[in-house]
Amino acid sequence: MDILISGASVAGPSLALWLHRAGHRVTVVERAPALRGGGYAVDFRGRVHLEVLRRMGLLDVMRARATHMGDIAIVDRHDTVRATLPSAIFSGDLELLRGDLGAVLYAATRDDVDYVFGDSIASIAQDADGVDVTFERGAPARFDLVVGADGVNSKVRELVFGPVPQRSLGVYGCIFTMANEFGLDRAGLMYNEPRRTVTIGGINPEKAVISLFFTADGLEHDRRDVEQQRRIVADAFEGTGWKVPRLLEAMRTAPDFWFDSTTQIRMERWSRGRVVLVGDAGYAGGPGGNGTGLAVVGAHVLAGELGRLPFERAFQEYERRLRPYVETCQKQASGGSDFLVPSTEKKIAQRDRFFRTIRYLPPVKHLFRHLATRTATAFDLPDYGGLGHTRDLSGNRGNLL
Ligand SMILES: Cc1cc2nc3c(=O)[nH]c(=O)nc-3n(C[C@H](O)[C@H](O)[C@H](O)COP(=O)(O)OP(=O)(O)OC[C@H]3O[C@@H](n4cnc5c(N)ncnc54)[C@H](O)[C@@H]3O)c2cc1C
1 MDILISGASV AGPSLALWLH RAGHRVTVVE RAPALRGGGY AVDFRGRVHL EVLRRMGLLD
61 VMRARATHMG DIAIVDRHDT VRATLPSAIF SGDLELLRGD LGAVLYAATR DDVDYVFGDS
121 IASIAQDADG VDVTFERGAP ARFDLVVGAD GVNSKVRELV FGPVPQRSLG VYGCIFTMAN
181 EFGLDRAGLM YNEPRRTVTI GGINPEKAVI SLFFTADGLE HDRRDVEQQR RIVADAFEGT
241 GWKVPRLLEA MRTAPDFWFD STTQIRMERW SRGRVVLVGD AGYAGGPGGN GTGLAVVGAH
301 VLAGELGRLP FERAFQEYER RLRPYVETCQ KQASGGSDFL VPSTEKKIAQ RDRFFRTIRY
361 LPPVKHLFRH LATRTATAFD LPDYGGLGHT RDLSGNRGNL L
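Residue numbers for the sequence shown follow the UniProt record's numbering, so the first one is 1 and each next one is one higher.
Here it is, written out as structure tokens:
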């Protein structure tokens, strides 16, 4: 089949890899003018995520790119350590910078898949035999199937399913990188005031990833107005102590500044006719919702079912298998905002006490692993036979790797 995928981040290229392997002709259209970099770290955790990466043939090359972040010390405004968050909680089993993950997936597919950057789908019209697509820049074309892998604000979803209410988790945040002037090497610091969480991750001696998260009710922002977003963050953190004034200063000029609200997408169906959604476009979970793992697992299951069944039944089966897993992950994330951004001094103290006390329990390592992976592993990964063979894609395929 001729298959069009919208979005070249995690879900899109992962699906492209499988579909090419199954013999389909794949085009990926990405709105950004080039492969997106971006500093924040994403992670894979537990056997299901890692097995999918292994089947993709990418586990080793990803391991070579891992951040190897250590624990995060929770500190007060005088830098006194109040508790320690073990790396398993924040970094999972395999953590990569978002840009590095994107580069690995792109390098593994770019020779086999037709990538079009700097364009977007403008309209979709489907009939019994195919889908006519127009683009903002490129020439119209007809495909057998169209996949929306274009994230929380998916254009494909908007065009085919109409407005879908986004469930705000009430947490807003920005992430950017700056020079590592904190002496942190593969270690992090976290500082809290009620409704505000600041982390500094020293991913290497030169570079630190900063995240500033806060809670607010019904905050409106313009997704394209970066200066407005910088002002929103500066206002939310005005008067906050510790190193925050210095971080806000760096934020004002950070070229990789990213801001968003954390939202979940919950839909009754993930497909309509010949169009289907994968990853955040169909089922974004928000922080703690295993979004990156869901994107690669979802892509594998969708391609696996397409390899066994006609597309209508494959879409149904993809959804039937994956939905309980998605719901489990989304449920975990729904309760996560009070962990990520505690709302009162009391809740901050409770969290710190929990992490201080728990360190003295003997099987603590297993407990943290269990806490960190229990939703990510709550899935029986089907065996898709021939699709799952592991051609080694980690060799020299250009300078991106
Ligand atoms: C700050 C932050 C931290 C996170 N941390 C973690 C974490 O620690 N662990 C974890 O598991 N997950 C984490 N996530 C979630 C994770 O990033 C997502 O779940 C994952 O990236 C989903 O991948 P995706 O490919 O479905 O969507 P996205 O990564 O959102 O990619 C969508 C792609 O579609 C493109 N696009 C958008 N509109 C169009 C259009 N009209 N036409 C063409 N292309 C378009 C975008 O440019 C983008 O490249 C985090 C997310 C954020 C924002």
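Yeah, the Cβ is synthetic: ideal placement off N, Cα and C, and Gly gets one too.
- For A372, same chain residues with a beta-carbon under 7 Å away, outside a window of 5 residues either side, are R45, A88, I89 and G92 in chain order.
- Restricting attention to E249, R223 and R224, the CA atom closest to the CA of D235 is found in E249.
- For R224, the closest of Y191, E206 and D260 by C-alpha to C-alpha distance is D260.
- A direct Cα-to-Cα measurement between V164 and I265 gives close to 8 Å.
- Annotation for G279 indicates a beta carbon within 7 Å of some heavy atom of ligand 1.
- Pairing M1 with N290, the inter-Cα distance amounts to about 30 Å.
- Counting C-beta pairs closer than 8 Å gives three or more between the segment 140-152 and the segment 3-21, which meets the contact rule.
- For A349 and V75, the gap between their C-alpha atoms comes out near 12 Å.
- DSSP places A149 in the coil class of the three-state scheme, outside both helix and strand.
- Annotation for A314: E305 and L306 place their beta carbon closer than 6 Å to its own, counting only its chain and skipping 5 residues before and after.
- Per the Cβ contact rule, the segment 188-205 is in contact with the segment 333-344 (3 or more Cβ pairs under 8 Å).
- Judged by beta-carbon spacing, F257 lies within the 8 Å limit of C174, meaning their Cβ atoms are closer than that value.
- One alpha carbon belongs to P33, the other to F161, and they sit about 26 Å apart.
- The C-beta distance from V48 to V297 rounds to 6 Å, short enough to fall under 8 Å.
- For the options T199, F214, A141 and R21, the alpha carbon positioned closest to that of A125 is the one of A141.
- As computed with DSSP, Q126 is found in a beta bridge with V131.
- Within 7 Å of the C-beta of R142 there is not a single heavy atom belonging to ligand 1.
- Listed as beta-bridge partners of Q264 by DSSP are R167.
- R321 sits in a helix when the DSSP states are folded into three classes.
- Taking G282 as reference, the option from E312, Y318 and T253 with the minimal CA-CA separation is Y318.
- About 5 Å separates the Cβ atoms of A16 and V28, confirming a contact at the 8 Å cut-off.
- Annotation: R25 to T109 spans about 12 Å, alpha carbon to alpha carbon.
- L35 places its beta carbon 8 Å or farther from that of M62.
- Ranked by Cα distance from G385, the options A22, L184, R269 and A376 are led by A22.
- By the neighbour-count criterion, in which 16 or more other beta carbons inside 10 Å mark a residue as buried, D127 falls on the exposed side.
- Per DSSP, S87 lies in no beta strand (DSSP E); the unbroken alpha helix (DSSP H) holding it starts and ends at S87 to S91.
- DSSP places T377 in the coil class of the three-state scheme, outside both helix and strand.
- Rounded to the nearest whole angstrom, the C-alpha separation of L189 and E227 is 27 Å.
- Taken through DSSP and simplified to helix, strand or coil, E158 comes out as helix.
- Membership of I348 in the alpha helix (DSSP H) is indicated by the continuous run E345 to I358.
- Counting of Cβ neighbours within 10 angstroms places T357 among the exposed residues, the total staying below 16.
- DSSP, read as helix, strand or coil, puts S337 in helix.
- Distances from the CA of S334 to each of G170, Q316, A103 and T377 were compared; the closest alpha carbon is that of G170.
- Residue environment analysis places S123 among the exposed positions, since fewer than 16 neighbouring C-beta atoms fall within 10 angstroms of its C-beta.
- A distance below 6 Å between beta-carbons, with the five flanking residues on each side excluded, links K243 to no residue of its chain.
- For L302, the enclosing alpha helix (DSSP H) has its first and last residue at G291 to R308.
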